[in-house]
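In the numbering used here, the protein residues as written are 27 to 1005.
Have a look at this one:
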């Protein structure tokens, strides 16, 4: 064991709420039981089978109110793996559930036996026919697919609010629709074809002209059964009429019976049935979508009404005027949204009765947009709106930033309201539809019902389609609360069906929580047909038991999860999963959601629990060590939960007093540390990669991998010993070369980054000054990222005092040449400052070098030369700072073509974490690196030296460097010269 290995006990929770009724049982502490574990490892390979209790618990969380811990998790890589699991399940009597993003709201992505992950190895999109169609793998997010289509002026029809995280496999399996899809743009209407693996193992590509012939040969009973059901349904005109009427509204409750009316052949029927089947009929391995035009011209408004009924009554006027989206938000939703960055703070003071409509028109051209705006103005003239707080304008706008803010508030409905729920309560998201003309009546009835049962729910929805969502919070650990919820659900379902003839699930799918009410909505005849469909396609019942179909009238109350109170920074989490696609460790260890879910399970356990001990033993590496700490999860989370900050706090808790003392001492003597680091880099450069890697590897094994960096190929040599000379007199800014750029140099033959910044600034007539005493100072990120509070405090105060002096009390801007250091100096040092130094910091203007270059230098420079193409790596710090547009502007001055990879994200290098855990960077950059290396680029540009090193490591030395170096070369006077 390494000498300084941290003790897991330092992270054991000190507060316990008593053993929770839904805690993982002690007998499961060893993970997947035998022979299941051994069988699947022998069948698939050890790398495809997750079996520790930590793995099983982290896969038990999703966006639903349910929690079922699987027996094993399989990371299927291809169709052969899926078929092998099906065959095993048949032979051994096991059950299988598929899971992709885990954003489903009704428990359909959870299983109690074999859970198959079909996200990690199932991503990718191929744009077809100039964008008219797209072939998309099931693990691809809607956001990622639309990013690829946008270049062709196209977009997918389904547009769920969870597009940042939800995947196309889940979208099709649930027939998820969203803000604008309605009944005409959803998956059922826009899915051209699908490749499906049936429970028998038969693979069907519905686009294949020979598909029906091949299916008839492979599955004659299935084909005959589907055609028999079709004939039976079509022979009953009353049933046909009922089916058509049900799907005139948004409806995802049960199987798509209209597939038998719309499909002429078994394969066509099967294609329709798979949409909305929720993983109960087969695995959707690939989809081909017909895409829609991306109407880029948007006009919209957020309009405030005195109450929900008044807002609902206005909906038909806007839909008749041609609005693409009409979204409803009640007062509870609006007030909860103040937790969303960018939402006006005065919304918190809105009266409870207030409601709002987010109305948006989309047009392909100026003439159409103007026509829509005239129609909207006529509707506005007839409405009685209110302006309860100062930020309310009740006016239509074309401003993209304003519209983006409105949509951000709307899309955060579930998470923002859920984040403001009372601590310890479970969140239920309900989703129903009524005829749009009866929406106002339904709102009134819903509010009365909630009040009668003691709920103060938040309401929002796609009002233009008669589709409402509402959220209920209750304590699943309290029997009385569960009984109150059960009584409400019985009354709500009867109200929706009997009074409004509505859909109990409009777009979230039946899942587990509406399965007991399926017959209430559809009646015994149609429900019987659905059971027969299941028995026909999955005769052995291996897929998703108790999802969509369940004869237990209390099935929706089974498996409700408790949410024990954890650390305050993460307690609001409702486990929605929006954070996961941005997390660098998503495909390596754990995600922010999973880190929180594991922590909650520790709190469910009693003291001395063997399950808690196993979770703690795994948590150090899987959660704490391999968190990049980049906090992009905070940006993705609608309520701003910063799991990176929680992991930094956990790192601090693991430090011994001696480690904290040593960190503080290193901060106080950083000049010596910096010189030593530079000498070490120079020495490693001289002795070569192989020996350097061997020496650091030996040290890591002896001390601790999380303390000793691993030398990696493509790490550059040392920076020049001296910084370029500058003068204070006449300087337009103070230039602060970050310590990484004082330690690591550039490739041979060109200027160092400090030399380039000085030269290009002088060339633009905006000279910069480098203070003589910058050596030995740092932005404090070195200590902050590792949770060394004493070291952070020392350096944070020292650098702010120095910067205040250098900038003459803030009169000059401070230009920093590494984006993470800019973020550190601008924001991250603040909590560690003394009150006096916090006041000094408030006087400083800290600018990233790309902002300095884009705003101050480019307008004053002449471009002398350029390259054909450049690929960018926007850093995670740039996402926090919002300066990616400036990076692009600098790059566009230097290259004719500038590309940001669709899969660009945090590289996971995180200062030196990529050297402490190289596997983190390798995993985090895999998709981006594949895009970058798939073609040739003339330049590879970024804005942070360590990220550039990380991307070089990922792309086998493509030569990433600062965009400022490219700008200096592009504007250098004289003839062509090397860059």
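Ideal Cβ positions, reconstructed from N, Cα and C, are used throughout, including at glycine.
A quick note: this is a predicted structure, and the numbers were derived from the prediction, not measured.
Pick from the options that is closest to residue i, judged by C-alpha positions
i: residue 313; options: 219, 394, 893; result: 219
i: residue 441; options: 73, 495, 689, 512; result: 495
i: residue 500; options: 455, 542, 385, 613; result: 455
i: residue 879; options: 232, 978, 793, 829; result: 793
i: residue 618; options: 631, 604, 435; result: 604
i: residue 309; options: 126, 485, 515, 132; result: 126
i: residue 748; options: 700, 738, 252, 131; result: 700
i: residue 463; options: 491, 874, 672; result: 491
i: residue 383; options: 788, 205, 243, 912; result: 205
i: residue 845; options: 615, 967, 479; result: 967
i: residue 297; options: 221, 337, 345; result: 221
i: residue 525; options: 405, 894, 487, 465; result: 465
i: residue 437; options: 602, 636, 507, 55; result: 602
i: residue 823; options: 832, 811, 814, 805; result: 805
Under the three-state DSSP convention, the category residue i falls into
i: residue 28; result: In this prediction, residue 28 scores a pLDDT of 44, lower than 50, which makes its location untrustworthy; the coordinate-derived value is nonetheless stated afterwards. Residue 28 falls in the coil class under three-state DSSP.
i: residue 184; result: coil
i: residue 281; result: coil
i: residue 987; result: strand
i: residue 40; result: coil
i: residue 903; result: helix
i: residue 451; result: coil
i: residue 92; result: strand
i: residue 873; result: strand
i: residue 353; result: strand
i: residue 260; result: helix
i: residue 229; result: strand
i: residue 823; result: helix
i: residue 540; result: coil
i: residue 167; result: strand
CB-CB length for residue i against residue j, believed under 8 Å
i: residue 354; j: residue 381; result: 7 Å
i: residue 255; j: residue 559; result: 7 Å
i: residue 587; j: residue 92; result: 6 Å
i: residue 553; j: residue 545; result: 4 Å
i: residue 275; j: residue 461; result: 7 Å
i: residue 933; j: residue 899; result: 7 Å
i: residue 277; j: residue 529; result: 4 Å
i: residue 423; j: residue 326; result: 7 Å
i: residue 318; j: residue 215; result: Not quite, the Cβ-Cβ distance comes to about 10 Å (not below 8 Å), so this is no contact.
Strand pairing of residue i, partner residues [DSSP]
i: residue 923; result: 895
i: residue 795; result: 760
i: residue 968; result: 988
i: residue 295; result: Residue 295 is not bridged to any residue.
i: residue 143; result: 101, 125
i: residue 386; result: 326, 351
i: residue 316; result: 159
i: residue 529; result: 459
Beta-carbon spacing of residue i, residue j below 7 Å
i: residue 1011; j: residue 625; result: Nothing about residue 1011 can be reported from this structure: the residues present for the chain run from 27 to 1005 only.
i: residue 767; j: residue 538; result: no
i: residue 301; j: residue 201; result: yes
i: residue 620; j: residue 145; result: no
i: residue 519; j: residue 481; result: no
i: residue 863; j: residue 826; result: yes
i: residue 128; j: residue 96; result: no
i: residue 418; j: residue 332; result: no
i: residue 135; j: residue 168; result: no
i: residue 305; j: residue 112; result: no
i: residue 735; j: residue 472; result: no
i: residue 987; j: residue 630; result: no
i: residue 376; j: residue 414; result: yes
i: residue 671; j: residue 608; result: no
i: residue 12; j: residue 856; result: Because the chain is modelled from 27 through 1005, residue 12 falls outside the range shown and cannot be assessed.
Contact test: residue i Cβ vs the ligand GDP heavy atom, cutoff 6 Å
i: residue 391; result: For the ligand GDP, the structure offers nothing, since it holds no ligand at all.
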